[in-house]
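**Student:**
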Amino acid sequence: MRQAARSSEVTTAQATVTMYRPLGPEEYALVRDSGFRRWPPRLPEQPIFYPVTNQRYAEEIASRWNVKDSGVGYVAQFEVRAAFVEQYAIQKVGGAHHTEWWIPAEELYVLNDNIVGLIDIIGQYDAPPAEHTA
């Protein structure tokens, strides 16, 4: 896996912002099916798409919540044109590094159109093997 950029790093060569996203196996399969180019549409009960600003927070969610819910969690990293991201304030939702963007579901296709390059899977967390008793 490649080294991740610093949180919310803006790269000047292409004017992009680095985003991270924890995901479970179902969302991973849909991203894979897109050729790692697009995020799938949100479900009706998911009105917001929440990419996070740093790898640490994404790893916490993937390893704690996605693994608990589905046995595996992934961390994705992707670049988005800064001009698109600038319209969204960073939201602090807990500790100092618990920061994310809130992108309305109906605007997800615009975010997808502003992804530069591919969505990289930079981490995978699996549930520990079940312990067997004799």
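Numbers given in our numbering equal positions in the sequence shown, counted from 1, plus 13.
Ideal Cβ placement from N, Cα and C applies to all residues, glycine included.
#1: Return the chain-ordered list of same chain residues with a C-beta closer than 6 Å to the C-beta of Q104, the five sequence neighbours on each side being excluded.
#2: What are the partner residues of L36, as DSSP defines its beta bridges?
#3: Rounded to whole angstroms, what is the Cα-Cα separation between A89 and V106?
#4: Should A17 be labelled buried (16 or more other beta-carbon atoms within 10 Å of its own) or exposed?
#5: Between A109, P38 and E92, which has its C-alpha nearest A27's C-alpha?
#6: What are the boundary residues of the beta strand (DSSP E) that includes Y138?
#7: Please list the terminal residues of the continuous alpha helix (DSSP H) segment that includes E73.
#8: Please check the pair F97 and V80, which I expect to be a contact at CB under 8 Å, by giving their CB distance rounded to whole angstroms.
#9: Could you have a look at F62 and say whether DSSP puts it in helix, strand or coil?
#10: Please work out which residues of its chain come closer than 8 Å, Cβ to Cβ, to Y4, disregarding the five sequence neighbours upstream and downstream, and give them in chain order.
#11: Assuming L56 contacts Y87 under a Cβ cut-off of 8 Å, what Cβ separation, rounded to an integer in Å, is found between them?
#12: Considering only the alpha carbon of each residue, which of I132, P60, I74 and R77 lies closest to R51?
**Tutor:** To lay it out plainly:
#1: E113 and W115
#2: Y87
#3: 20 Å
#4: A caution first: A17 carries a pLDDT of 42, below 50, which makes its placement in the model unreliable, though a value can still be read off. By the 10 Å Cβ count, A17 comes out buried.
#5: Before going on, a small fix: residue 27 reads as Gln here, not Ala. Checked all of A109, P38 and E92; the closest Cα to Q27 is E92.
#6: I128 to D139
#7: Q68 to I74
#8: Between V80 and F97 the Cβ distance is about 31 Å, and since that is not below 8 Å, they are no contact.
#9: strand
#10: Residue 4 is absent from the model: the chain starts at 14 and stops at 147.
#11: About 18 Å separates the two Cβ atoms, so there is no contact after all.
#12: I132
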